[in-house]
Every structure is written in C-alpha cells, then in structure tokens.
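Participant:
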Amino acid sequence: MPKDTITPEDEQLILAAIREAEQNTSGEIRVHIENHCEGDVLDRATEVFAELHMHLTKLRNGVLFYIAIKDHQFAVLGDAGINAIVPDHFWEDITAEVISHFKRKQYATGLANGIKMAGEQLKAHFPYDREGDINELRDDISFGQ
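Quick note on numbering: the UniProt record's numbering labels position 16 of the sequence shown as 16, and the sequence is numbered without any gaps.
#1: In whole angstroms, what separates the C-alpha of residue 120 from that of residue 113?
#2: Using the C-alpha atoms, what's the distance from residue 77 back to residue 92?
#3: Any contact between the stretch 56-65 and the stretch 20-35? By contact I mean 3 or more CB pairs, one from each, below 8 Å.
#4: Using only the alpha-carbon positions, how far apart do residue 85 and residue 104 sit?
#5: Taking its Cβ as the centre, do 16 or more other Cβ atoms sit within 10 Å of residue 26, making it buried, or is it exposed?
#6: Go through its chain and collect everything with a Cβ distance to residue 10's Cβ below 8 Å, but skip five positions before and after it.
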C-alpha cells in the first residue's frame, strides 16, 4: 500500500503545501500516490485526473501531482484553463524540482516544493475571489494500489 511510504509527518507537509498554495488562488491542487503505473505515466495521470473529477472545476484550473512510488514515475498535469496560460517550460520546471528531491527519497519535500511552485502560477493567473470562491475539490491525498 503506498500509504505506507508516506509518514504522517510527510502527509502533513504535503497537505500544508496544498493549503498554502490554494489560499491565494481559485485553482485546485490534488495529489495521488500509488505503487505502480501501468503503461505511460501521463496516460495514467490523465485517468486519475478524470477519476478525481478534476476537470469539473469552474475555471478548469485543477493541477494533479501523480506519483507511482515503486515504479519511480511522476507526472504533473494541469487542466485546460491553466495549460492555456502558463509558460511553456512551467510543467518541466516543476517536474525537475520534484524529481531532484525524489532521487534523494525526499518525496514529501519534493511534492511540497512543486505544489508551492504551481500555487504561485495559479495565484498569478487565477487569483482568489473572496466572494465567489469555494473549495471545489478535496485537499486530501488520494491513494491507489
């Protein structure tokens, strides 16, 4: 079970990064962790994105951090709204940051840093609307097999 790889302290670090990133944006960030990735990592991340209903946000500004721990696979996937406006290298920069920590088995730190990077872009392009913003997606970490 992938939940065994993430300690309660790791989970709190990741959740704190999600809360911090979402506090200044209408964007939504989710993390999904599983042990194995069958096939292409982006294809699997796209499946999880749909399973978590991340494409249903009003502004299409959801971001998924997908990790297959035992297969050493990672993908970060943004919805159409954010993909249309972030710089071309944006996802590659986040991926490089996260993977640099994963190589040292610092999974929670890598995820937290990547989440904060995503949060900065979300804040710039999808600012928090105090009157109309609602948390459209759960902030917890989802776990697969």
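No residue lacks a Cβ here, since even glycine has one placed at the ideal position from N, Cα and C.
Facilitator: Looking at the atomic coordinates:
#1: Residue numbering aside, residue 120 sits at position 120 when the sequence shown is read from its first letter. Residue numbering aside, residue 113 sits at position 113 when the sequence shown is read from its first letter. Roughly 11 Å separates the two Cα atoms.
#2: Taking the first residue of the sequence shown as 1, we reach residue 92 at position 92. Taking the first residue of the sequence shown as 1, we reach residue 77 at position 77. Taking the straight line from one Cα to the other gives about 11 Å.
#3: yes
#4: For the purposes of this step, residue 85 is taken as the residue at position 85 of the sequence shown. For the purposes of this step, residue 104 is taken as the residue at position 104 of the sequence shown. Whole-angstrom Cα-Cα distance: 32 Å.
#5: As a first step, residue 26 is located in the sequence shown; it is residue number 26 there, counting from the start. By the 10 Å Cβ count, residue 26 comes out buried.
#6: Residue 10 sits at position 10 when you count from the first residue of the sequence shown. Counting only Cβ-Cβ distances below 8 Å, and skipping sequence neighbours, we find 107, 108.
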